[in-house]
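As structure tokens, the structure follows; a few thoughts come after it.
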Amino acid sequence: MAERPRLAVIGAGPAGLAAALAAAARGVHVTLVDSAAEPGGQFYRQPAPGLRARRPQALHHQWRTWERLRGGLDAHLAAGGVTHLSDHHVWCVERESAGLTVHALLGPDQERPAAVHADAVLLATGGYEKVLPFPGWTLPGVVTAGGAQAMLKGGLVLPGRRAVVAGSGPLLLPVATGLAAAGAEVAALVESADPKDFVRRTRALAAQPAKLAEGAGYAAALLRHRIPVRTRHTVVAAHGGERLEAVSVAALDAEGRPVPGTERRIACDTLAVGHGMLPHTDLAEGLGCRLDGPNVHVDDEQRTDVPGVWAAGEATGIGGAALSLAEGHIAGRSIAARLAGTEPDPRAWAPAARARTRTRAFFAALEGAYAPPARWAEQVTDGTLVCRCEEVTAGAVRRAVGELGAGDLRTVKLLTRAGMGWCQGRMCAPGVAGVAGCELAPGRRLLARPVPLGVLATQAADAPDEDTSAQ
Amino acid sequence: MNPLDLARARPGTPFTLTFDERRIEALPGQTVAAALWSAGITSWRTTRDEGRPRGVFCGIGVCFDCLVTVDGRPNQRACLVPAESGAEIRTQEGTGHDG
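As you go down the protein sequences, you meet chains A and B in turn.
The first sequence begins at 1270 in the numbering used here and counts up one residue at a time.
The second sequence begins at 147 in the numbering used here and counts up one residue at a time.
See the structure below:
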């Protein structure tokens, strides 16, 4: 019997799981490479098994979909069609004459290497949160909205007792209602978007009744937990000495500037803040895949422009779990056909393609409505850190532009060190670009995560091989 | 309500570890960050230049703000590293190599 074709799926969230199931069902051996201890990604992040949660769905939405994915994965794991490599932090995907090699570090200390060889790779690397700077945002107690949710879902913990949830975007709703359900007092949900902007986009939004019902569900939960909602408002500053004690919230005018005299102080020990999501594209960039703006470019089959490399989910454009499932399913079927040397028939995945079209239109409409205040950068005082790792202030970035003539993100970085620290600019790039008034350019990082020099030195010689699929 | 009750968690026996020599309790499965949050601790690093306190920010291993010293090894991401019984967690000052 001929050897089964091998697919490496990077990321075990909705997109990666949908692709793994679709490909494995069609005879492809799938190695699912993921950084977490449990599959699920961020959306379906599971409580640590040691916590023995008997009702994890209390923290989740669309649980039945998860049960279906989990059941499918378990069946393929048992049958040997899928191998799941947890705690594998991928730092590079390498193209070789005969296929691709996925290089990972074993977590959580990430010092030992592992490699997986495959005929095709699916990048289902997900996204991470964008947070724009404001005075006080580095105080302990200020966390990203997604971070608060991840700690809650995974560790069943809260950062404090009284929280404000703020910023912009659809993620703030489940975060606010989730924190409240888990026992935090949510003092306010502060959203900078204007509800009128949603009304203007009703056609695209109304085309997705399930999504509207989801929104209505959140509205009911907000009421039930008595969470005050302030739209067209923004957090102008976080206050505290050694940790967060309060935030100042102000109304926004039509230009996106805080209205003088509307400022109000809200006591809180937690601020969960986020301004939307960004795709994780490091691995795609390392492979030389074309990007469209911040997103990995894909065709109708979810193929990137690099042979043997597909992408699905948030990496190809932020659109939530439903879109990730549709894209992952299409990618898995396309990969199975292509690896078998046949031309896939798109009619076979027509329902997924329709869901993809609808959901993309829905999120395009949402993205237009959910936006940080247009003039947010004006509110960032000179003394505010914009780069958290290297402790670079907005004032230093402004001097690099105004006095030293920096005209792009790269020059700002070279002059100020903003973006040169541990996170490699992932957290600060949008903030630095906004304060500097430059365009947000892709990071073009050589390695997707810090790699010990010893690992790089031994890579060519004797990297341990974990590929279990060639049987 | 609390998160453990909401998810009807029945964790195994709690164990102890130390944070700056103070004994704190942790649950099996929790990360170092989750154990510290449970004990009401939200900062465990001071920055290299200004010496300012930091703790969890992104919660998913991307931002490196939650770096901490675990059993003498600095620069561990508290949001990823599992809490272990008897672990010695210390506030990381600066690079963690400053002595």
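The C-beta atom is built at its ideal place from N, Cα and C for all residues, glycine as well.
Under the criterion of beta carbons closer than 8 Å, A/L1513 and A/A1507 qualify as touching, at roughly 6 Å. Taking the CA atoms as reference points, A/G1424 sits about 15 Å from A/V1444.
If you draw a 10 Å sphere on the C-beta of A/T1611, you find fewer than 16 other C-beta atoms in it, and that means exposed. Counting along the chain, the unbroken alpha helix (DSSP H) around A/I1604 starts and ends at 1589-1608. Segment contact: the stretch 1413-1427 of chain A against the stretch 1558-1573 of chain A, fewer than three CB-CB distances shorter than 8 Å; contact not assigned. Among the residues facing chain B, A/G1310 is not included, as its CB has no counterpart in that chain under 8 Å away. For the stretch 211-239 of chain B, residues whose beta-carbon sits nearer than 9 Å to a beta-carbon of chain A comprise D211, L213, R219, N221, Q222, R223, C225, L226, V227, P228. For A/L1547, the beta-bridge partners assigned by DSSP are A/Y1397. Residues of chain B with a Cβ closer than 9 Å to the Cβ of A/P1377 are, in chain order, T177, G207, Q222, R223, L226, V227, P228. C-alpha of A/L1346 to C-alpha of B/G205: approximately 29 Å in a straight line. One Cα belongs to A/L1408, the other to B/D151, and the distance between them is close to 29 Å. The secondary-structure analysis by DSSP pairs A/G1562 with nothing; it has no beta-bridge partner. For A/Q1477, no pairing in a beta bridge is given by DSSP.
Look at the beta carbons and you see the stretch 1377-1390 of chain A not touching the stretch 1489-1507 of chain A: under three pairs across the two are nearer than 8 Å. Interface annotation for the stretch 1675-1702 of chain A against chain B: W1691, C1692, R1695, M1696, criterion Cβ-Cβ distance under 7 Å. Those residues of the stretch 155-175 of chain B placed with their C-beta closer than 8 Å to a C-beta in chain A are A155, R156, P157, G158, L173, P174, G175, ordered along the chain. For the stretch 1292-1346 of chain A, the continuous beta strand (DSSP E) assignments of 3+ residues that do not extend past its boundaries occur at 1298-1302, in sequence order. The Cβ-Cβ distance between B/A181 and B/L163 falls below 8 Å. Using a CB distance below 8 Å, the part of the stretch 186-202 of chain B facing chain A consists of T188, S189, T193, R194, D195, E196, R198, P199, R200, G201, V202, ordered along the chain. When DSSP reads this structure, A/C1692 sits in no beta bridge, so it has no partner.
For A/V1390, DSSP records a beta bridge to A/A1277, A/V1578. For A/P1613 and A/V1565, the gap between their C-alpha atoms comes out near 22 Å. The straight-line gap separating the alpha-carbon atoms of B/A229 and A/L1328 is approximately 22 Å.
For the set A/P1641, A/G1690, A/V1655, A/C1707, the Cα lying nearest the Cα of A/R1679 is the one of A/C1707. For A/E1511, the chain B residues whose Cβ falls inside 8 Å of its Cβ are S189, P199, in order along the chain. According to the DSSP assignment, A/A1373 belongs to the beta strand (DSSP E) that extends over 1368-1375. Residue environment: A/D1551 is assigned as buried (16 or more neighbouring CB atoms within 10 Å of its CB, all protein chains considered).
A/V1681 is the residue among A/H1358, A/V1681, A/L1427 whose C-alpha sits nearest the C-alpha of A/L1709. The contact set of A/A1451 on chain B, defined by CB atoms closer than 8 Å, consists of M147, N148, P149, L152 in chain order. Neighbours of A/G1484 in chain B, taken as residues at a C-beta separation under 7 Å, are lacking, since the least C-beta distance is about 22 Å. For A/C1658, the C-beta contacts it makes with chain B under 7 Å involve F210, in order along the chain. Annotated as proximal: A/G1582 and A/P1283, with beta-carbon spacing under 8 Å. Contact between the stretch 1288-1299 of chain A and the stretch 1595-1609 of chain A is present: three or more C-beta pairs spanning the two stretches fall below 8 Å. A/D1651 has its alpha-carbon roughly 17 Å from the corresponding atom of A/A1675.
Bounds of the beta strand (DSSP E) holding A/L1354 are 1351-1354. Residues of chain B whose Cβ lies closer than 9 Å to the Cβ of A/G1415 are, in chain order, C204, G205, I206.
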